[in-house]
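Residue numbers (the working numbering), protein chains in the order written: chain A, 1 to 260; chain B, 261 to 320.
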């Protein structure tokens, strides 16, 4: 699986990041002025422009190797949206994209720390730990940051999961955001991230977020998720400028169209 | 930014319709759409970005 490279910092890009959404709507304007619209979701296109500055020799070499492997615009690759939440349906834990343990009950509509009611009460009625996870079709060797807001009426712990890596975190009476950064199996083409709830515990959860970077950004509710398999470079040329020793700049344009 | 991005996706560009409250006078226009099938978003830094949307009222 060809994947877009991370920088040595673990980030996928630098600021500024530009993203362009293009939808396609067929519009028929009748003689009387009325309008009939037809959505054409297969014509949708998403573009990113990533501008890099201060790249090291190694980071530039990684970009050049990736460009050569992709052969410019020819080959598709997996791209993780640097401006999005990699999880799909992050506010909808009832969605089938989430894998819940058999004894883990979920109740929606819980007041969340952002002032809404998008929190979920997860109750483990089993005698062993139960997890809620989502598997991303993303390279396991990437640096991932998993974050979530958690709260419990009775103090307990929750274990954050990134692949085989585990990190227990305390859960208190007030809402608290817990982050966990780790890499998974470098040879794996997918990685599972989520939370493990101990036996008998009841925890309110909100804002589950996965990002391909070293630290969490502000929570972004998602539906489609941020993993784009089959993205392509927009250009057949990679232009970079060497500013100084071990100091380079470059701009990369990436596009994703589900119909390509 | 994320909310605007999600709103644009939910509306599938100019296809969807929604109620829009005019910020000038508070009038609620019940049938409006986005004017364009394109949305440009720029993040200058964490928690700081720019974008632009045009809303049109559907008639007829």
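Beta carbons are placed, not taken as given, at the ideal position from N, Cα and C, and that holds for glycine.
Classify residue 232/A as buried or exposed, calling it buried when 16 or more other Cβ atoms lie within 10 Å of its own Cβ.
Buried: at least 16 other Cβ atoms inside 10 Å.
Cβ neighbour criterion (16 or more within 10 Å) applied to residue 84/A:
With 16 or more Cβ atoms within 10 Å of its Cβ, residue 84/A is classed as buried.
For residue 160/A, write down the residues that DSSP places opposite it in a beta bridge.
Bridge partners of residue 160/A: 167/A and 195/A.
Under 7 angstroms, CB to CB, which of the residues in the stretch 288-301 of chain B have a partner in chain A?
Residues of the stretch 288-301 of chain B with a C-beta atom less than 7 angstroms from some C-beta of chain A are 297, 298, 299, 300 and 301, listed in chain order.
Can you find a C-beta in chain A that's less than 8 angstroms from the C-beta of residue 267/B?
No, residue 267/B does not count as interfacial toward chain A.
Round the Cβ separation of residue 193/A and residue 133/A to the nearest angstrom and send it over; I've been treating them as touching at under 8 angstroms.
The C-beta distance from residue 193/A to residue 133/A rounds to 6 angstroms, short enough to meet the 8 angstroms contact threshold.
Just how far apart, CA to CA, sit residue 9/A and residue 214/A?
Annotation: residue 9/A to residue 214/A spans about 7 angstroms, alpha carbon to alpha carbon.
Would residue 64/A be called buried (16 or more neighbouring beta carbons within 10 Å of its own) or exposed?
Looking at its Cβ environment, which holds fewer than 16 other Cβ atoms inside 10 Å, residue 64/A is exposed.
If residue 249/A and residue 52/A are in contact, beta carbons under 8 angstroms, what's the gap, nearest whole angstrom?
Between residue 52/A and residue 249/A the Cβ distance is about 6 angstroms, and since that is below 8 angstroms, they are a contact.
Using the beta-carbon of each residue, which ones in chain A are nearer than 8 angstroms to residue 280/B?
Those do not exist, as residue 280/B stays about 17 angstroms from chain A at its closest Cβ, beyond 8 angstroms.
How would you list, in chain order, the residues of chain B whose beta-carbon sits under 7 angstroms from the beta-carbon of residue 90/A?
Under the 7 angstroms cutoff, chain B gives no residues; its nearest Cβ is about 10 angstroms from residue 90/A.
Where residue 130/A falls, given that 16 or more other Cβ within 10 Å makes a residue buried:
Under a 10 Å Cβ-count criterion, residue 130/A is classified as buried, with 16 or more other Cβ atoms of the shown protein chains found around its own Cβ.
Outcome for residue 31/A when other beta-carbon atoms lying within 10 angstroms are tallied against a minimum of 16:
With fewer than 16 other Cβ atoms within 10 Å, it is exposed.
Pick out whichever of 280/B, 317/B, 265/B and 286/B has its Cα sitting closest to the Cα of residue 23/A.
Nearest option by C-alpha distance: 265/B.
Look at the Cβ atom of residue 203/A, then the Cβ atom of residue 150/A, and state whether they are nearer than 8 angstroms.
At a Cβ-Cβ threshold of 8 angstroms, residue 203/A and residue 150/A count as neighbours.
Rounded to whole angstroms, how far is the Cβ of residue 110/A from the Cβ of residue 120/A, which I believe are closer than 8 angstroms?
Going by Cβ atoms, the distance from residue 110/A to residue 120/A rounds to 6 angstroms, so yes, they are a contact pair.
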